[in-house]
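In case it helps, my numbering puts the sequence shown at residues 8 to 192. Yeah, the Cβ is synthetic: ideal placement off N, Cα and C, and Gly gets one too.
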Amino acid sequence: MNWGDFVLHMDGLANDFLPDAGRWQWRYWGKGSFTPMNATWDVAGKGEWHDSTITLTDLSTGFDQLQYGTMTVEKPRLILDKPVVWVRDAQHPSFSGALSLDAGQTLFTGGSVLPPSTLKFSVDGRDPTYFLFKGDLHAGEIGPVRVNGRWDGIRLRGNAWWPKQSLTVFQPLVPPDWEDELTRW
8 MNWGDFVLHM
18 DGLANDFLPD
28 AGRWQWRYWG
38 KGSFTPMNAT
48 WDVAGKGEWH
58 DSTITLTDLS
68 TGFDQLQYGT
78 MTVEKPRLIL
88 DKPVVWVRDA
98 QHPSFSGALS
108 LDAGQTLFTG
118 GSVLPPSTLK
128 FSVDGRDPTY
138 FLFKGDLHAG
148 EIGPVRVNGR
158 WDGIRLRGNA
168 WWPKQSLTVF
178 QPLVPPDWED
188 ELTRW
């Protein structure tokens with residue numbers, strides 16, 4: 008599969024550094040294309056590798072859009088709410104952090120629209136290839152939609168549910184040409 012082209016720059020300072028020994032502090036920035044979702048992206052941030060711990064202290068990455076099947080997400084951007092920390096310890100590995108994904112409207116070819124949204128979530132696991140996630144999605148009047156799941160290095164699996172709320176908040180998901188109005192029962 009062609010994932011797209013990219014350019015990534017790193018600049019930093021290393022003190023007596025070898026993998027899992029010493030300290031390497033860096034900043035990174037770049038841009039590229041993400042062919043499977045017809046998107047271009049950018050990234051910037053800071054981090055360090057100190058002994059067996061890799062920490063992202065700053066991250067901002069965004070896409071001009073994400074297109075998948077019948078859906079287009081406008082201008083999604085991922086940022087850190089809490090540093091992402093990966094402890095590469097053979098006996099007690101861990102991976103944790105908190106992130107926020109903000110997006111413009113999500114458009115569906117049938118005419119449905121999800122208003123601009125924010126997904127705040129945390130990750131907790133043993134490494135970037137195996138972790139659990141949980142969070143809340145808000146989109147206009149919709150939400151919170153609770154999400155949780157896992158990444159096992161191959162598949163992203165999860166669930167979403169929401170507490171009782173007025174049916175009318177879901178009106179944007181009904182295509183206008185249906186000429187249906189959601190009302191309270």
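Which residue from Asn45, Phe128, Ile161 and Val181 puts its Cα closest to that of Val154? Phe128
Is it the case that the Cβ atoms of Trp33 and Ile61 are separated by a distance below 8 Å? no
Between the Cα of Pro151 and those of Phe140, Val176, Asp88 and Arg164, spot the shortest distance and give me the residue it belongs to. Val176
Three-state secondary structure (DSSP) at Trp31? strand
Could you tell me which uninterrupted alpha helix (DSSP H) segments, each at least 4 residues in length, are contained entirely in the region 12 to 77, listed from first to last along the chain? none
Given this structure, state the Cα-to-Cα distance separating Met78 from Trp31, to the nearest angstrom. Looking at the two C-alpha atoms, the distance is approximately 41 Å.
Which two residues bound the contiguous beta strand (DSSP E) that contains Asn155? Ile149 to Trp158
Pick from Asn22, Lys38 and Leu15 that is closest to Phe70, judged by C-alpha positions: Lys38
With 16 as the cutoff for other CB atoms within 10 Å, does Ala97 come out buried or exposed? exposed
Please state if the CB of Thr136 and the CB of Gly160 are separated by a distance shorter than 8 Å. Their beta carbons are under 8 Å apart, which means Gly160 touches Thr136 by this criterion.
Skipping 5 residues on each side, what residues in its chain have a beta carbon closer than 7 Å to that of Gly118? Pro182, Pro183 and Asp184
Among residues of its own chain, excluding the 5 on either side of Trp56, which ones have a beta-carbon nearer than 6 Å to its beta-carbon? Trp31
Determine the DSSP secondary structure at Leu189, reduced to helix, strand or coil. The answer is coil: DSSP assigns Leu189 none of H, G, I, E or B.
Residue from Pro122, Leu174 and Leu25 with nearest C-alpha to Glu81: Pro122
Could you tell me the alpha carbon to alpha carbon distance between Phe41 and Arg95, rounded to whole angstroms? Their backbone Cα atoms lie some 29 Å apart in a straight line.
Based on the DSSP output, what are the partners of Arg84 in its beta bridges? Gly69 and Asp109
If you count every other CB in all the chains shown that lies within 10 Å of the CB of Val91, and 16 or more means buried, which is it? buried
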